[in-house]
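What follows is a set of notes on a single structure, which appears directly below.
Number of protein chains: 2
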Amino acid sequence: MREVAVIGVGQTEVGEHWGVSLRHLALEAVQAAMADAGVVRADALYVGNMLSGELEGQEHLGALVADFAGLRGVEAFKIEAACGSGAAAVRMGYVAVAGGLADLVIVVGVEKMTDTLGPDTTAALAMAADADYEAAHGASFVTLNALVMRRYMHQYGYGHQDFAPFAVNAHQNALANPYAMFRFPVSSEKFRRARMISDPINLLDSSPICDGAAAVVLAPLGETRHQSMATVGIAASAVGTDTLAVHDRNDPLVLAGAELSSQRAYNAAGVRPADIDLFELHDAFTIMAALSLEAAGFADRGRGLALAADGEIGIEGRIPVTTMGGLKARGHPVGATGVYQIVEVVQQLRGLAGENQVPNARVGMAQNIGGSGATVITHILERI
Amino acid sequence: MREVAVIGVGQTEVGEHWGVSLRHLALEAVQAAMADAGVVRADALYVGNMLSGELEGQEHLGALVADFAGLRGVEAFKIEAACGSGAAAVRMGYVAVAGGLADLVIVVGVEKMTDTLGPDTTAALAMAADADYEAAHGASFVTLNALVMRRYMHQYGYGHQDFAPFAVNAHQNALANPYAMFRFPVSSEKFRRARMISDPINLLDSSPICDGAAAVVLAPLGETRHQSMATVGIAASAVGTDTLAVHDRNDPLVLAGAELSSQRAYNAAGVRPADIDLFELHDAFTIMAALSLEAAGFADRGRGLALAADGEIGIEGRIPVTTMGGLKARGHPVGATGVYQIVEVVQQLRGLAGENQVPNARVGMAQNIGGSGATVITHILERI
């Protein structure tokens with residue numbers, strides 16, 4: 000097995016791009032990543048995407064993006080794991096390069112959620128849950144998370160306002176990220192007064208519906224070093240899964256898939272949580288941020304909120320999270336999110352995160368989650 | 000890079016399974032393949048599927064099938080490349096095992112096309128084509144193939160009846176395949192009188208809309224040999240892509256992606272077309288069977304039909320195709336088809352194809368196509 004480096008990154012601004020099609024979003028990210036890497040070809044292209052069929056009437060994104068990006072002929076597939084599709088595609092790229100099956104792989108995550116064919120986007124997102132045993136009974140992704148959040152508040156004695164620090168931190172970090180969707184701050188007070196979506200989840204607990212694409216170029220470490228920037232290697236790429244339906248779990252407050260995925264990643268990289276300098280976690284809802292911190296070993300069970308309350312999740316904190324705005328404020332174009340996370344970790348490890356730079360960032364972790372914790376992909380990256 | 004073996008295969012009967020859900024179809028195939036391989040666990044599960052979101056309201060099949068099959072926790076993703084999704088998933092499994100990232104991978108292709116949520120299945124299948132430049136103008140998958148078929152007839156001077164041998168051969172071979180959907184023969188005369196679908200494509204030029212699942216278990220060659228059967232290794236796994244839209248091609252009668260994919264496979268395996276004992280080709284429509292034979296080097300351009308007319312595609316012919324019924328008569332549950340093809344090649348190479356056994360089959364090829372030739376995945380398998 001070879002070590003793998005991220006030799007190029009690219010991203011589009013996240014937002015509601017009513018005038019830009021899915022293929023153009025993907026193209027912009029791929030071209031940016033290829034330019035950053037200084038490459039003009041690839042051995043394979045893997046596309047992370049969840050809902051192009053349902054929302055855009057377009058499957059078969061591998062061949063579509065390959066052709067549109069000038070890579071006609073190349074191996075190209077779409078990889079899907081609900082909101083974890085982006086990191087799943089990165090994982091497949093990692094497998095191909097690490098195993099020696101490919102020397103240059105482009106991975107692009109893309110999602111187009113505005114300007115859709117008509118189906119309700121919330122209903123489409125519910126396809127990440129169990130169609131027969133959750134969605135068929137009216138559960139949406141928001142309501143499932145609301146149940147988990149309510150249970151968390153009940154079990155550990157928190158109030159809704161205790162979740163505010165995640166949203167406040169995410170919006171604060173998005174301010175200086177030109178690719179973020181929401182470049183404005185939110186206060187605790189604004190969080191308190193935000194419109195209710197599905198009790199106890201309000202608007203500022205939730206990530207937005209939006210469009211975006213992000214891409215990375217992977218190559219064997221050592222063979223291709225970036226001319227002018229720090230080299231970033233992938234120290235671990237790991238996956239863990241759990242039941243698709245939340246009600247099938249012994250404890251709905253434990254992300255067993257995330258525990259498994261994190262542990263596998265720590266073992267592969269030979270690191271512990273204390274070695275991680277920043278953590279791009281999957282804050283689709285504030286409750287998921289809390290549960291992720293706990294599953295990944297940064298907080299004891301029921302203490303994820305306390306970590307946030309203590310100010311430890313900020314850029315200068317013990318474990319900075321969502322350093323460029325996270326799903327909440329950078330935005331959550333679902334199949335693209337996992338690649339955005341990797342791009343942002345690379346920015347941090349290269350020391351190019353600008354105002355959001357985590358001091359002396361050397362090891363960064365990105366964790367992308369599909370469904371309510373059913374598929375969890377963890378990547379640990381390291382500045383070489 | 001390690002050599003990879005197919006150590007287990009499983010399949011469900013193809014048909015209209017109104018009373019069986021997608022997860023149960025997948026389970027049946029996975030359990031059969033695991034039993035055949037004699038394994039009770041796996042390092043990864045890759046699911047080939049195209050339309051579960053559009054037709055069943057269910058994405059996220061990786062975690063769903065992993066959990067339902069008793070593999071909770073395992074790495075699991077869905078791989079999509081339109082009608083080539085099945086072989087694309089096999090390709091990803093091959094990459095993982097060949098590269099040493101996994102020692103035991105289960106690949107299942109599954110598609111549920113009956114008992115759907117409501118969208119028109121023909122419209123859903125058109126998502127394999129270019130949504131903006133083909134489907135948006137009313138093109139369906141049948142009409143695109145009809146245009147290509149008409150052009151082929153015009154350019155090479157064939158009549159519709161010249162395509163009959165493909166359908167006759169497929170139905171003949173399905174007779175003895177207990178997993179085939181159409182176990183009845185069709186004559187040339189029946190072909191001539193079949194109902195017109197999209198001129199010149201009639202009902203017997205077309206593969207059916209149906210349900211099914213097939214699975215394989217992959218492991219390093221040598222480490223795990225089947226106790227009582229011939230070992231089957233994967234001598235080549237190769238992908239080629241082409242423009243998504245047919246109108247973007249220099250010549251719509253040349254499957255450039257299939258030429259590329261075949262050539263890459265031949266090079267990897269160190270074989271020529273003359274070395275192939277059977278060819279499971281992608282006969283979604285009879286025209287695709289002809290074009291595939293030409294692209295893979297079994298016939299000169301415009302001569303694919305002649306090969307069929309000369310009786311060379313039968314079990315005892317020069318290049319037996321669709322030996323268990325093919326897409327036409329075994330059936331074409333789109334995301335499962337590529338895995339069915341591999342399963343059938345393994346049956347042949349193990350010498351367990353019963354009445355359809357190709358004598359002394361030692362090298363078999365399976366070629367799965369997504370879209371109108373936009374993604375082409377070729378596997379060459381070998382009896383060790």
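Quick note, the sequences are listed as chains A and B, same order.
To convert, note that position 112 of the first sequence is 111 in this note's numbering; the numbers rise steadily by one, no gaps.
To convert, note that position 50 of the second sequence is 49 in this note's numbering; the numbers rise steadily by one, no gaps.
Glycine included, each C-beta is placed from N, C-alpha and C at the ideal position.
Relative to the C-alpha of residue i, which residue among the options is closest?
{"i": "Ala-305 of chain A", "options": "A:Val-89, A:Gly-156 and A:Ile-105", "result": "A:Gly-156"}
{"i": "Gly-83 of chain B", "options": "B:Thr-336, B:Gly-350 and B:Val-342", "result": "B:Thr-336"}
{"i": "Met-364 of chain B", "options": "B:Glu-315, B:Thr-322 and B:Tyr-178", "result": "B:Thr-322"}
{"i": "Gly-72 of chain A", "options": "B:Gln-262, B:Asp-102, B:Tyr-339 and B:Asp-35", "result": "B:Gln-262"}
{"i": "Ala-214 of chain B", "options": "B:Val-253, B:Met-126, B:Gly-137 and B:Gln-346", "result": "B:Gln-346"}
{"i": "Met-287 of chain A", "options": "A:Gly-334, A:Ala-166, A:Asp-274 and A:Asn-172", "result": "A:Ala-166"}
{"i": "Ser-187 of chain A", "options": "A:Ala-298, A:Ala-308 and A:Trp-17", "result": "A:Ala-308"}
{"i": "Val-357 of chain A", "options": "A:Val-320, A:Ile-383 and A:Asp-210", "result": "A:Val-320"}
{"i": "Val-362 of chain B", "options": "B:Met-33, B:Ala-229 and B:Val-333", "result": "B:Ala-229"}
{"i": "Leu-70 of chain A", "options": "A:Gly-61, A:Gly-369 and A:Asn-144", "result": "A:Gly-61"}
{"i": "Asp-274 of chain A", "options": "A:Phe-297, A:Val-253 and A:Ser-260", "result": "A:Phe-297"}
{"i": "Leu-124 of chain B", "options": "B:Ile-376, B:Asn-168 and B:Gly-334", "result": "B:Gly-334"}
{"i": "Met-180 of chain B", "options": "B:Ala-169, B:Lys-189 and B:Gly-47", "result": "B:Ala-169"}
{"i": "Ala-101 of chain A", "options": "A:Glu-2, A:Thr-240, A:Glu-58 and A:Leu-116", "result": "A:Glu-2"}
{"i": "Asn-406 of chain A", "options": "A:Leu-348, A:Gly-369 and A:Leu-243", "result": "Any question about residue 406 of chain A goes unanswered here, given that chain A covers just 0 to 383."}
{"i": "Ala-75 of chain B", "options": "A:Gly-369, A:Val-231 and A:His-378", "result": "A:Gly-369"}
{"i": "Leu-116 of chain A", "options": "A:Leu-54, A:Gly-269, A:Leu-254 and A:Asp-42", "result": "A:Leu-54"}
{"i": "Leu-174 of chain A", "options": "A:Asp-241, A:Gly-353 and A:Thr-377", "result": "A:Gly-353"}
Within 8 angstroms (strictly less), CB to CB, does residue i reach chain B?
{"i": "His-59 of chain A", "result": "yes"}
{"i": "Thr-374 of chain A", "result": "yes"}
{"i": "Lys-327 of chain A", "result": "no"}
{"i": "Phe-76 of chain A", "result": "yes"}
{"i": "Glu-53 of chain A", "result": "yes"}
{"i": "Ala-179 of chain A", "result": "no"}
{"i": "Leu-202 of chain A", "result": "no"}
{"i": "Asp-66 of chain A", "result": "yes"}
{"i": "Gly-324 of chain A", "result": "no"}
{"i": "Met-469 of chain A", "result": "Outside the shown range of chain A, which is 0 to 383, sits residue 469 of chain A, and nothing can be said about it."}
Could you give the first and the last residue of the continuous beta strand (DSSP E) run that contains residue i?
{"i": "Gly-370 of chain A", "result": "Where Gly-370 of chain A is concerned, there is no enclosing beta strand (DSSP E), given that its DSSP letter is neither H nor E."}
{"i": "Gly-337 of chain B", "result": "Looking at the DSSP string, Gly-337 of chain B is not in any beta strand (DSSP E); the run it does join, the alpha helix (DSSP H), is 333–348."}
{"i": "Ala-213 of chain A", "result": "211–219"}
{"i": "Met-195 of chain B", "result": "195–197"}
{"i": "Glu-55 of chain A", "result": "Run containing Glu-55 of chain A: none in the beta strand (DSSP E); it sits in the alpha helix (DSSP H), 51–55."}
Comparing the C-beta of residue i with each C-beta of chain A, is any distance below 8 angstroms?
{"i": "Arg-71 of chain B", "result": "yes"}
{"i": "Phe-384 of chain B", "result": "A query on residue 384 of chain B cannot be resolved here, the shown segment of chain B reaching from 0 to 383 and no further."}
{"i": "Val-94 of chain B", "result": "yes"}
{"i": "Asp-210 of chain B", "result": "no"}
{"i": "Gly-303 of chain B", "result": "no"}
{"i": "Leu-290 of chain B", "result": "no"}
{"i": "Met-49 of chain B", "result": "yes"}
{"i": "Glu-2 of chain B", "result": "no"}
{"i": "Ala-295 of chain B", "result": "no"}
{"i": "Gly-388 of chain B", "result": "The question about residue 388 of chain B has no answer, for chain B in this structure spans 0 to 383."}
From which residue to which residue does the alpha helix (DSSP H) around residue i run?
{"i": "Leu-290 of chain B", "result": "285–294"}
{"i": "Met-152 of chain B", "result": "140–155"}
{"i": "Glu-27 of chain A", "result": "21–36"}
{"i": "Glu-279 of chain A", "result": "Note, Glu-279 of chain A: premise wrong, no alpha helix (DSSP H); beta strand (DSSP E) at 277–279."}
{"i": "His-170 of chain B", "result": "163–173"}
{"i": "Ser-260 of chain A", "result": "255–268"}
{"i": "Ala-134 of chain B", "result": "Segment: none, Ala-134 of chain B is in no alpha helix (DSSP H) and carries neither H nor E."}
{"i": "Thr-121 of chain A", "result": "120–124"}
{"i": "Gly-303 of chain A", "result": "303–308"}
Just list the residues that DSSP pairs residue i with in beta bridges.
{"i": "Leu-380 of chain A", "result": "A:Ile-233 and A:Gly-363"}
{"i": "Leu-44 of chain B", "result": "B:Ala-75 and B:Ile-105"}
{"i": "Asn-201 of chain B", "result": "B:Met-195"}
{"i": "Gln-10 of chain B", "result": "B:Ala-213"}
{"i": "Glu-110 of chain B", "result": "B:Gly-211"}
{"i": "Ala-80 of chain B", "result": "B:Cys-82"}
{"i": "Leu-63 of chain B", "result": "According to DSSP, Leu-63 of chain B bridges with nothing at all."}
{"i": "Gly-239 of chain B", "result": "B:Val-375"}
Which chain D residues sit within Cβ distance under 9 angstroms of residue i?
{"i": "Asp-276 of chain B", "result": "Although the question refers to chain D, the structure presented lacks it and instead comprises the protein chains A and B."}
What are the residues of the stretch 4–30 of chain A that lie near chain B, defined by any Cβ-Cβ distance shorter than 9 angstroms? Ser-20, Leu-21 and Arg-22
Given a limit of 7 angstroms on CB to CB distance, which residues of the stretch 239–273 of chain B reach chain A? Gly-239, Thr-240, Asp-241, Thr-242, Leu-243 and Leu-259
Residues of the stretch 346–379 of chain A with Cβ closer than 8 angstroms to any Cβ of chain B, in chain order: Gly-369, Gly-370, Ala-373 and Thr-374
Can you list, in chain order, the residues of the stretch 85–116 of chain B whose Cβ is nearer than 7 angstroms to any Cβ on chain A? Ala-87, Met-91, Val-94, Ala-95, Ala-97, Gly-98, Gly-99 and Leu-100
Mind listing which residues of the stretch 129–157 of chain B have their C-beta closer than 9 angstroms to chain A's C-betas, in chain order? Asp-129, Ala-130, Asp-131, Ala-134 and Ala-135
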